[in-house]
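Below: the structure, in structure tokens.
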């Protein structure tokens, strides 16, 4: 999916290199030196891999046998997968997602969820004292539970942090952001467009949240300039 | 001119590449240590809500995510101008000690010990953790793995997850600890202290009792006269979580002692066209090139530099070991690169003792986990000692706490110039006319950087991994003369 480094698609190669090698406040580089794929030193030519403009997914650049989600994959899942491989059990078809569930986090979440709870405001995580047991979305704290696969054993939730989606979207989801907008629409307790706008105003950096681990797979995929 | 390429180098985190150019007479002409990767966290953290950064920067590295999480957490506190509650601060510090314990165990036993316990030029198939277990016995191997696991469990308990750490919110932490959990940590911490003492005993028995090894440490091609950087508390004792940055020069005199937020007055970074990793140096001295000595701006930030830069350790057993190391190595500061391993074990013992102190502190099970946020400053610096050197995160935000700029100077980055020079010196000492460039020799060159416990996944914020090693010795025109493969 591109993972966290996929967030680099929010900028261009030029902007990124400029920030790292010239703008950063502790860097002194008046000559505008940049690392070069080939550089002639007195003794010979030194080579570095080229830095690309685009972060692509693993499957975009190489043939993938199996996809094992998680950043990082949980150790229980690794044990299950390795055990399955060494036991000689029949493996799923090539290209399958292994070591994760097909359900959404919300389907089996350990936090309490009411039937039809609606909200009128989104909060940043530090703006509220989380009660440690109620659904984050019902407390107005953004959570990737509606779109994210199970398999992590709810470690972030148990650590009192809402899900950031590192296990990737469930099989029925083609775009995490679209799915999240639909989940958000169903929990907002406002009818008037202006009131809905007010609620959404508190939703900061939705793209950076919805595509935290998957920007190179998203419909928007990257910035153009 | 002959050319030796070691790519990728092994038993480090992330990737590195060494290019050694030889003179016609077979001696070393020059060495370049290149870092071939970059991700660019400084750029793509822009636009994110600042409280998300502690969750994003953990992905800089799978080995020391806790360091980035802590530096980020402290930077975010500063952005909001908020001081965490005493319980939150102590919980963070406790987590951090467990983080150091796990990392230092990993480095010493898994990455460094193969060179000393098994031997620097031992057959390559034995220079690994299994070779170490073969030498010291299965029971000790099990103990190493158990203690490391306990440290991981404490991190998982306090941080939510040992790798995907989610502990910090501005002003404090997300989760407290019960008395039962505390009691369990106290028991584990007692075990860490015993294990820390035991690890120093192994170092004594295996390394210090072996004249050949002591000779390599003291007189081998592994010495550089560098300035030393480290975080110290108000008594000038080593501290990992908080304090002032102290820099001592090559003869041990204090050069600077400053608030971490003022780092830009003391450190600058330069760019070379042949590496993705920048080269920091002491700003007031300036960049004088890849040279060591009192007039050079090159410094190091390692376990050894931390001990050099401090007056001692804040816990009794570790302090005793601190004094012992300097008395055996001939006083402060020590410039023997391989003594970093010894310093690392003294830090392991300190972490264990401090872990026990914190676990027994009544505040640790307190219920005041967060200081409420009332306003925003819009800029903040967070500095901790990472296992691999002083780590600084600096964030700027708008009035809503949305990140506008990020600057990061990572532990290993501090040591980039020093590592280059250490490798060159080792290569010069080991590759000479008439000496066959064997796998053992190349490993002894790698030992020069391995002492730094470098983490280039961190330093360039690039992806970690370990790969087979291929060494090619070529003529200047590219003609292959010799090929050595590992794995």
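Protein chains in written order, with this note's numbering: chain Y, 22 to 246; chain L, 200 to 686. C-beta: ideal position from N, C-alpha, C; glycine also.
Is any beta-carbon of chain L found at less than 8 Å from that of residue i?
| i | result |
| --- | --- |
| residue 69 of chain Y | yes |
| residue 25 of chain Y | yes |
| residue 237 of chain Y | no |
| residue 36 of chain Y | yes |
| residue 51 of chain Y | no |
| residue 56 of chain Y | yes |
| residue 42 of chain Y | yes |
| residue 194 of chain Y | no |
| residue 169 of chain Y | no |
| residue 48 of chain Y | yes |
| residue 232 of chain Y | no |
| residue 62 of chain Y | yes |
| residue 45 of chain Y | yes |
Considering only their Cβ atoms, is the gap separating residue j from residue i smaller than 8 Å?
| i | j | result |
| --- | --- | --- |
| residue 520 of chain L | residue 545 of chain L | yes |
| residue 200 of chain Y | residue 192 of chain Y | no |
| residue 256 of chain L | residue 594 of chain L | no |
| residue 385 of chain L | residue 559 of chain L | yes |
| residue 75 of chain Y | residue 39 of chain Y | no |
| residue 303 of chain L | residue 505 of chain L | no |
| residue 549 of chain L | residue 437 of chain L | yes |
| residue 455 of chain L | residue 440 of chain L | no |
| residue 223 of chain Y | residue 142 of chain Y | yes |
| residue 232 of chain L | residue 618 of chain L | yes |
| residue 247 of chain L | residue 226 of chain Y | yes |
| residue 613 of chain L | residue 588 of chain L | yes |
| residue 55 of chain Y | residue 472 of chain L | yes |
| residue 347 of chain L | residue 305 of chain L | yes |
| residue 175 of chain Y | residue 130 of chain Y | yes |
| residue 621 of chain L | residue 501 of chain L | no |
Where do the N-terminal and C-terminal ends of the beta strand (DSSP E) with residue i fall, by residue?
| i | result |
| --- | --- |
| residue 292 of chain L | Here residue 292 of chain L belongs to no beta strand (DSSP E); instead the alpha helix (DSSP H) covers 285-304. |
| residue 444 of chain L | 443-447 |
| residue 198 of chain L | A question about residue 198 of chain L goes unanswered here, because the residues of chain L that appear run from 200 up to 686. |
| residue 233 of chain Y | Unbroken run through residue 233 of chain Y: none, as it is neither H nor E. |
| residue 480 of chain L | 478-481 |
| residue 201 of chain Y | Per DSSP, residue 201 of chain Y belongs to no beta strand (DSSP E); it is in the alpha helix (DSSP H), 197-208. |
| residue 202 of chain L | 201-206 |
8 Å is my cut-off, CB to CB: does residue i come that close to chain Y?
| i | result |
| --- | --- |
| residue 202 of chain L | yes |
| residue 374 of chain L | yes |
| residue 665 of chain L | Summary for residue 665 of chain L: the model assigns pLDDT 36, below 50, so the residue's position carries little reliability; its value from the coordinates is reported in the next sentence. Residue 665 of chain L does not count as touching chain Y. |
| residue 377 of chain L | no |
| residue 395 of chain L | no |
| residue 258 of chain L | yes |
| residue 685 of chain L | The pLDDT assigned to residue 685 of chain L is 49, lower than 50, so where the model puts this residue is not dependable; a value taken from the coordinates is nonetheless given after this. No, because no Cβ of chain Y sits closer than 8 Å to the Cβ of residue 685 of chain L. |
| residue 248 of chain L | yes |
| residue 261 of chain L | yes |
| residue 252 of chain L | no |
| residue 368 of chain L | yes |
| residue 298 of chain L | no |
| residue 359 of chain L | yes |
| residue 608 of chain L | yes |
Report the neighbours of residue i on chain C: residues whose CB is nearer than 7 Å to its CB, in chain order.
| i | result |
| --- | --- |
| residue 243 of chain L | Reference to chain C is not applicable here, since the protein chains of this structure are Y and L. |
What are the boundary residues of the alpha helix (DSSP H) that residue i is part of?
| i | result |
| --- | --- |
| residue 515 of chain L | 515-528 |
| residue 388 of chain L | 378-401 |
Quiz item: Between the stretch 78-97 of chain Y and the stretch 111-128 of chain Y, do at least 3 Cβ pairs fall closer than 8 Å?
Solution: Here the stretch 78-97 of chain Y lies against the stretch 111-128 of chain Y, with 3 or more beta-carbon pairs under 8 Å apart.
Quiz item: Any contact of the stretch 417-436 of chain L with the stretch 446-453 of chain L, i.e. 3+ C-beta pairs under 8 Å?
Solution: Short answer: they touch.
Quiz item: Does the stretch 353-367 of chain L come within contact of the stretch 263-281 of chain L, defined as at least 3 CB pairs closer than 8 Å?
Solution: Yes, the stretch 353-367 of chain L is in contact with the stretch 263-281 of chain L.
Exercise. State whether the stretch 348-358 of chain L contacts the stretch 509-529 of chain L, with contact taken as three or more CB pairs (one from each stretch) at a distance under 8 Å.
Key: Segment contact: the stretch 348-358 of chain L against the stretch 509-529 of chain L, fewer than three CB-CB distances shorter than 8 Å; contact not assigned.
Quiz item: Of the residues that make up the stretch 269-285 of chain L, which ones have a beta carbon closer than 7 Å to any beta carbon in chain Y?
Solution: Those would be none; no residue qualifies.
Practice problem: Scan the stretch 175-187 of chain Y for residues whose Cβ lies nearer than 8 Å to a Cβ of chain L and list them as they occur along the chain. | Solution: Those residues of the stretch 175-187 of chain Y that come within reach of chain L (Cβ to Cβ, closer than 8 Å) are 176, 177, 179, 180, 181, 182, 185, 187.
Quiz item: Relative to chain Y, which residues along the stretch 215-241 of chain L have a C-beta separation below 8 Å, given in chain order?
Solution: Those residues of the stretch 215-241 of chain L that come within reach of chain Y (Cβ to Cβ, closer than 8 Å) are 218, 220, 228, 229, 231, 233, 235, 236, 237, 238, 239, 241.
Quiz prompt | Validate contact between the stretch 477-484 of chain L and the stretch 586-603 of chain L using beta carbons, cut 8 Å, 3 pairs | solution = Counting Cβ pairs under 8 Å, fewer than three are found: no touch.
Self-check item: the stretch 64-93 of chain Y: positions lying closer than 7 Å to chain L by Cβ
Solution: Taking 7 Å as the Cβ-Cβ cut-off against chain L, the residues of the stretch 64-93 of chain Y that qualify are 64, 65, 67, 69, 70, 72, 92, 93.
Quiz prompt | Touching by the beta-carbon criterion (3+ pairs, under 8 Å), the stretch 218-225 of chain L and the stretch 623-639 of chain L | solution = The stretch 218-225 of chain L, when compared against the stretch 623-639 of chain L, does touch it at the 8 Å Cβ threshold.
Quiz item: In the stretch 467-486 of chain L, which residues sit with their C-beta less than 8 Å from some C-beta in chain Y, listed in chain order?
Solution: Within the stretch 467-486 of chain L, the qualifying residues are 467, 468, 469, 470, 471, 472, 473, 474, 475, 477, 479.
Quiz item: Any chance the stretch 509-518 of chain L sits against the stretch 277-287 of chain L, with 3 or more Cβ pairs inside 8 Å?
Solution: Because the criterion of three Cβ pairs below 8 Å is not met, the stretch 509-518 of chain L and the stretch 277-287 of chain L do not touch.
Quiz item: For the 8 Å Cβ check, are there 3 or more pairs between the stretch 321-333 of chain L and the stretch 293-303 of chain L?
Solution: No contact exists between the stretch 321-333 of chain L and the stretch 293-303 of chain L.
Quiz item: Of all the residues that make up the stretch 130-161 of chain Y, which are near chain L by a beta-carbon distance shorter than 7 Å?
Solution: Of all residues in the stretch 130-161 of chain Y, the ones placed with a Cβ closer than 7 Å to any Cβ belonging to chain L are 145, 146, 147, in chain order.
Quiz item: Using 8 Å as the threshold, is the stretch 391-407 of chain L in touch with the stretch 340-351 of chain L, meaning 3 or more CB pairs across them?
Solution: Contact between the stretch 391-407 of chain L and the stretch 340-351 of chain L is present, because at least three Cβ pairs lie under 8 Å.
Quiz item: Would you call the stretch 157-176 of chain Y and the stretch 216-233 of chain Y in contact, with 3 or more CB pairs under 8 Å?
Solution: Yes, they touch.
Self-check item: Interfacial residues, the stretch 197-228 of chain Y to chain L, with Cβ spacing under 7 Å
Solution: Correct list: 225, 226.
Quiz item: For the stretch 406-434 of chain L, which residues have a beta carbon sitting closer than 8 Å to at least one beta carbon of chain Y?
Solution: Under the 8 Å Cβ criterion, the stretch 406-434 of chain L contributes no residue.
Self-check item: Three-pair Cβ contact test at 8 Å for the stretch 409-424 of chain L versus the stretch 569-576 of chain L
Solution: Taking a cut-off of 8 Å for Cβ pairs, the stretch 409-424 of chain L and the stretch 569-576 of chain L do not touch, as fewer than three such pairs fall below it.
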